[in-house]
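Protein chains in written order, with the numbering used here: chain D, 5 to 156; chain R, 5 to 156.
Built from N, CA and C at the ideal position, the CB exists for glycine as well.
Here's the structure, in C-alpha cells; my notes come after.
Protein chains: 2
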Amino acid sequence: MLKLNIVCVGNLKEKFWKEACSEYQKRLQRFCNVKIIELAEQNKYDIVSKVLEEEGKEILASISGSCILLDIQGEEVSSEKLSTKLRNLEQNSSEITFVIGGSNGVSETVKNKIKDKVSFGKITLPHNLARVVLLEQIYRAYMINSGSKYHK
Amino acid sequence: MLKLNIVCVGNLKEKFWKEACSEYQKRLQRFCNVKIIELAEQNKYDIVSKVLEEEGKEILASISGSCILLDIQGEEVSSEKLSTKLRNLEQNSSEITFVIGGSNGVSETVKNKIKDKVSFGKITLPHNLARVVLLEQIYRAYMINSGSKYHK
C-alpha cells in the first residue's frame with residue numbers, strides 16, 4: 005500500500021480542524037497509508053528569512069519518496085489533473101510526500117529542492133484550511149480514479 | 005453596516021464544519037452583518053436538470069443586493085482581487101449576496117441571472133468545504149482592506 009505523507013509546518017489548534025482532517029484521513033485508509041508529519045513553526049527568530057531557513061531544514065529532513073510542494077506559484081491543477089498525477093506517481097513510487105509550508109511560506113532552498121509544485125488556485129489559504137483542502141483533494145483523487153460518483 | 009448574505013444549497017451535517025463556519029462568522033461580526041441562508045438540496049427528482057431547476061428557483065427567491073456566484077468557470081480571483089472587489093461593491097451596495105450551489109452546481113437560469121461569477125481555482129470542492137473557504141476568504145478580504153498582518 006502506498007505511503008502518503010503530508011509534511012506540514014504549524015499545528016492545528018482548533019478541534020474542528022483536527023476533526024475535519026481526521027475525517028478525510030479515515031476515509032483515505034482504504035487507499036493508502038496516510039501519515040501527517042507536523043513540524044513546529046519556528047518562533048525563535050524575528051527575521052522571516054531565518055524562520056524559513058530553519059523550517060526549511062526540518063522540511064527537507066522529513067521528506068521521502070516522490071515530493072510535491074503546495075505552492076501558489078506552482079502549476080495550477082484541477083481535481084482531475086491531480087488524480088491523474090497521483091495515479092502516474094503511484095506507478096513508480098511506493099511513497100509520496102506532500103509539503104505544505106507555514107504561514108510565511110517556504111524557503112527558496114525548499115522550492116529549489118522540490119521540483120514538483122502544484123497550486124490549488126490564486127487564493128491564499130491559512131495553513132490549517134490548506135491541510136483540510138489537500139486531504140479532501142487527495143481523497144477526491146482516489147474517488148475519481150476509482151470511478152466513484154463522489155466526483156461527478 | 006453591510007448586510008452580507010451567503011445563500012447555499014445543502015446543510016452542514018458534521019459538527020466540525022458548523023464550528024469552522026461559526027468561527028469565521030464570529031470573526032466577521034465586527035465588519036458586516038453575516039447571514040447564512042441554507043436551502044435544502046432537492047431530492048424529489050432523479051433528473052439533475054429538474055433538481056437544478058427547483059434549487060434555482062429557491063436560490064433566485066433568496067438573493068438580494070449585489071450578487072456574486074461561486075462558479076468554477078467564473079473569473080479566477082486571488083485573495084487580493086476579492087478584497088478589492090468587495091471594497092468596491094461596498095461603496096455602492098448596502099447588501100451583498102454570495103451564492104454557493106449544491107453538489108450538482110446551479111442551473112443555467114441562475115448562471116444567466118447572476119452575472120458576477122468568481123472562481124477560487126480549478127479544483128472542485130464539496131459544498132461544505134466551499135462554504136468554509138468562502139467565509140475565510142471574506143474574512144481575509146476584510147483583513148487585507150484593514151491592513152492587518154493576517155494576510156502578509
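Any contact of the region 93-103 of chain R with the region 137-144 of chain D, i.e. 3+ C-beta pairs under 8 Å?
By the Cβ criterion, the region 93-103 of chain R is not in contact with the region 137-144 of chain D, since fewer than three pairs of Cβ atoms, one from each stretch, lie closer than 8 Å.
Quick one: list the residues of chain R neighbouring residue 133(D), beta-carbon separation under 9 Å, in chain order.
Along the first sequence, one-based indexing puts residue 133(D) at 129. Residues of chain R passing the Cβ test: 24, 133, 136, 137 and 140.
Since residue 90(R) is in the alpha helix (DSSP H), which residue starts that stretch and which ends it?
In the second sequence, counting from the first residue as 1, residue 90(R) sits at position 86. Residue 90(R): member of the alpha helix (DSSP H) spanning 83-96, first to last residue.
Please tell me whether residue 3(R) has its Cβ less than 8 Å away from any Cβ of chain D.
There is simply no residue 3(R) to check, as chain R begins at 5 and stops at 156 in what is shown.
Alpha helix (DSSP H) containing residue 113(D): first to last residue?
Position 109 of the first sequence, counted from the start, is the residue given in the question as residue 113(D). 112-117 is the span of the alpha helix (DSSP H), which, as asked, contains residue 113(D).
Roughly how many angstroms lie between the CA atoms of residue 135(R) and residue 132(D), to the nearest whole one?
Translated into the one-based positions of the second sequence, residue 135(R) becomes position 131. Translated into the one-based positions of the first sequence, residue 132(D) becomes position 128. Distance between the alpha carbons of residue 135(R) and residue 132(D) is about 15 Å.
Please state if the CB of residue 127(R) and the CB of residue 98(D) are separated by a distance shorter than 8 Å.
Position 94 of the first sequence, counted from the first residue, corresponds to residue 98(D). Position 123 of the second sequence, counted from the first residue, corresponds to residue 127(R). With a cutoff of 8 Å on beta-carbon distance, residue 98(D) and residue 127(R) are scored as not near each other.
Identify the contact partners of residue 111(R) in chain D, using a Cβ-Cβ distance below 9 Å as the criterion.
Taking the first residue of the second sequence as position 1, residue 111(R) is located at position 107. Under the 9 Å cutoff, chain D gives no residues; its nearest Cβ is about 16 Å from residue 111(R).
Euclidean distance between Cα positions of residue 1(R) and residue 20(D):
Nothing in the structure corresponds to residue 1(R), since chain R is present only between 5 and 156.
Using a Cβ-Cβ distance cut-off of 8 Å, determine whether residue 80(D) contacts chain R.
Within the first sequence, residue 80(D) is the residue found at index 76, counting from 1. Put simply, the CB of residue 80(D) is near chain R, with a gap under 8 Å to one of its CB atoms.
Tell me the rounded alpha-carbon separation between residue 94(D) and residue 151(D).
In the first sequence, counting from the first residue as 1, residue 94(D) sits at position 90. In the first sequence, counting from the first residue as 1, residue 151(D) sits at position 147. Approximately 17 Å between the Cα atoms of the pair.
Let me confirm a value: residue 70(R) is counted as buried when at least 16 other C-beta atoms fall within 10 Å, else exposed. Which label applies?
Taking the first residue of the second sequence as 1, we reach residue 70(R) at position 66. Burial is judged here by how many other beta carbons sit within 10 angstroms of a residue's own beta carbon; residue 70(R) has at least 16 and is buried.
Within 8 Å of any Cβ in chain R, is that where the Cβ of residue 144(D) sits?
In the first sequence, counting from the first residue as 1, residue 144(D) sits at position 140. So, interface residue.
Along chain R, in chain order, which residues have C-beta atoms closer than 9 Å to that of residue 104(D)?
By one-based count along the first sequence, residue 104(D) stands at place 100. Within 9 Å Cβ-Cβ: nothing; residue 104(D) doesn't reach chain R, min ~15 Å.
Using the Cα positions of residue 72(R) and residue 9(R), report the straight-line distance between them to the nearest angstrom.
Counting from 1 along the second sequence, the entry for residue 72(R) is found at position 68. Counting from 1 along the second sequence, the entry for residue 9(R) is found at position 5. The alpha-carbon separation between residue 72(R) and residue 9(R) amounts to approximately 10 Å.
Once you ignore the five residues that flank residue 91(D) on each side, which residues in its own chain have a CB closer than 7 Å to its CB?
As a working mapping, residue 91(D) is identified with position 87 in the first sequence. The answer, listed in chain order, is 149.
Using a Cβ cut-off of 8 Å (strictly closer), state whether residue 119(D) contacts chain R.
Working through the first sequence from its first residue, we reach residue 119(D) at position 115. With 8 Å as the cut-off, residue 119(D) does not count as an interface residue toward chain R.
Under 8 Å between C-beta atoms, does residue 8(R) make it to chain C?
Reference to chain C is not applicable here, since the protein chains of this structure are D and R.
Contact list for the region 59-92 of chain R against chain D, Cβ threshold 8 Å
Residues of the region 59-92 of chain R with a C-beta less than 8 Å from any C-beta of chain D: 80, 81, 82, 83, 85 and 86, listed in chain order.
Local conformation of residue 104(D) per DSSP, three classes
Locating residue 104(D) in the first sequence gives position 100, where the first residue counts as 1. Residue state, collapsed to three classes: strand.
Neighbourhood of residue 154(R) by C-beta, 6 Å cutoff - its chain only, sequence neighbours within 5 removed:
Reading the second sequence from its first residue, position 150 is the one you call residue 154(R). Answer for residue 154(R): 147, listed in chain order.
What residue range is occupied by the uninterrupted beta strand (DSSP E) comprising residue 77(R)?
The residue labelled residue 77(R) in the question sits at position 73 within the second sequence. Per DSSP, the continuous beta strand (DSSP E) segment holding residue 77(R) begins and ends at 70-80.
Do the CB positions of residue 12(D) and residue 56(D) come within less than 8 Å of each other?
Locating residue 12(D) in the first sequence gives position 8, where the first residue counts as 1. Locating residue 56(D) in the first sequence gives position 52, where the first residue counts as 1. Their beta carbons are not under 8 Å apart, which means residue 12(D) does not touch residue 56(D) by this criterion.
Less than 8 Å between the C-beta atoms of residue 74(R) and residue 122(R), yes or no?
Counted from its first residue, the second sequence places residue 74(R) at position 70. Counted from its first residue, the second sequence places residue 122(R) at position 118. In this structure, residue 122(R) lies closer than 8 Å to residue 74(R) by Cβ.
Between residue 78(R) and residue 14(R), is the Cβ-Cβ spacing less than 8 Å?
The sequence position of residue 78(R) within the second sequence is 74, counting from 1. The sequence position of residue 14(R) within the second sequence is 10, counting from 1. No, these two residues do not count as a Cβ contact at 8 Å.
Rounded to whole angstroms, what is the Cα-Cα separation between residue 48(D) and residue 111(D)?
As a first step, residue 48(D) must be located in the first sequence, where it is residue number 44. As a first step, residue 111(D) must be located in the first sequence, where it is residue number 107. Their Cα atoms are separated by approximately 16 Å.
Got a sec: is the Cβ-Cβ distance from residue 125(R) to anything in chain D below 8 Å?
Reading the second sequence from its first residue, position 121 is the one you call residue 125(R). Using a CB distance cut-off of 8 Å, residue 125(R) counts as an interface residue toward chain D.
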